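Down below is the structure, laid out as structure tokens.
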Ligand code: ATP
């Protein structure tokens, strides 16, 4: 297992946001967490990337206990996140945002760095066209591409994506999902949180359903998307 999450409990004050969450992500997989608003998806992801403190439980990455490792060190271990709402640096150019993604790397301006930049530009040609544009002036879809591109600049072994389809037009959603698949096929393991359950289950090797802070169902993407109760609750009943 590349990532192992065991018995994770996270609170906001007295509110238990997630309770006893356990799952694993194998190298090469795409794993999806789906669930309604407030189910605890973002909290789970932020805890894995080190942005939330664990009350109980453990996060292990490549066999190493990283539960108390600070977020920036996790990025250096090659675990990076594209956050909910994109969080691009709005006053910086596209290129500067991508450089920020490589902040913890020690090989900036080397051929390896240039290769990763070219990979991002191949995946997202629009970012190459707009390299000097100020990020805050870009469309929502372009900012989403930039947020994913920035996370890729850390050369992650595990890429965490929080709601990559949020607020995008259907055609763009398709495009983002197919790029996620391509990123995975190029060798990056992906853990994605999505409210768009139908698309997410198509993409997922493994999926987990969260309800009020707990995992209530797990299975392959195909198993869950074919299940009547999952269809009724999450896929619009068809
Ligand atoms: P969404 O899709 O709406 O972001 P989610 O599944 O990602 O939902 P979380 O954002 O992880 O859910 O929230 C889980 C629970 O924790 C919710 O009850 C939420 O109200 C609560 N919560 C999240 N962030 C905070 C916070 N900063 N302070 C207090 N409670 C919070």
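Residue numbers (our numbering): 107 to 344. C-beta: ideal position from N, C-alpha, C; glycine also. Here the structure is a predicted model, which means the values were calculated and not measured.
To the nearest angstrom, report how far apart residue i and residue j are at their CA atoms.
i: residue 303; j: residue 193; result: 23 Å
i: residue 182; j: residue 146; result: 26 Å
i: residue 295; j: residue 264; result: 5 Å
i: residue 259; j: residue 221; result: 10 Å
i: residue 297; j: residue 338; result: 24 Å
i: residue 321; j: residue 311; result: 17 Å
i: residue 134; j: residue 168; result: 13 Å
i: residue 165; j: residue 125; result: 14 Å
i: residue 254; j: residue 292; result: 15 Å
i: residue 212; j: residue 227; result: 21 Å
i: residue 278; j: residue 112; result: 35 Å
i: residue 307; j: residue 214; result: 36 Å
i: residue 119; j: residue 127; result: 18 Å
Within 10 Å of its beta-carbon, does residue i have 16 or more other beta-carbons around it, so buried, or fewer, so exposed?
i: residue 218; result: exposed
i: residue 141; result: buried
i: residue 159; result: exposed
i: residue 62; result: Nothing can be reported for residue 62, as the shown portion of the chain is limited to 107 through 344.
i: residue 271; result: buried
i: residue 280; result: exposed
i: residue 242; result: exposed
i: residue 328; result: exposed
i: residue 305; result: buried
i: residue 334; result: exposed
Could you say which of the options lies nearest to residue i if we only look at CA atoms?
i: residue 336; options: 230, 196, 314; result: 314
i: residue 289; options: 229, 281, 299; result: 229
i: residue 178; options: 200, 153, 190, 195; result: 153
i: residue 143; options: 205, 113, 300, 156; result: 300
i: residue 155; options: 172, 162, 163; result: 172
i: residue 149; options: 114, 234, 132, 235; result: 114
i: residue 235; options: 210, 215, 268, 201; result: 201
i: residue 162; options: 198, 197, 116; result: 116
i: residue 209; options: 180, 225, 237; result: 180
i: residue 176; options: 190, 286, 157; result: 157
i: residue 204; options: 276, 284, 136, 252; result: 252
i: residue 248; options: 224, 223, 214, 196; result: 196
i: residue 240; options: 120, 198, 333; result: 198
Leaving aside the five residues before and after residue i along the sequence, list all residues of the same chain whose C-beta is less than 6 Å from its C-beta, in chain order.
i: residue 323; result: 315
i: residue 130; result: 107, 110
i: residue 340; result: 303
i: residue 190; result: 148, 268, 269
Closest Cβ-Cβ distance between residue i and chain B: below 8 Å?
i: residue 205; result: Among the protein chains of the structure shown there is no chain B, as only one such chain exists.
Excluding sequence positions up to five away, which residues of its chain have a Cβ less than 7 Å from the Cβ of residue i?
i: residue 250; result: 192, 270, 274, 282
i: residue 257; result: 186, 187, 188, 207, 265
i: residue 139; result: 147, 150, 299, 314, 316
i: residue 123; result: 116, 117, 146, 149, 319
Would the C-beta of residue i count as close to the ligand NAD, meaning under 7 Å from any of its heavy atoms?
i: residue 301; result: The model on display carries the ligand ATP but not the ligand NAD.
CB-CB under 8 Å to residue i, same chain, minus the five flanking residues each way: which ones, in chain order?
i: residue 184; result: 260, 261, 262, 263, 264
i: residue 326; result: 310, 311, 312, 313
i: residue 223; result: 204, 259
i: residue 233; result: 200, 204, 226, 227, 248, 251, 252, 255
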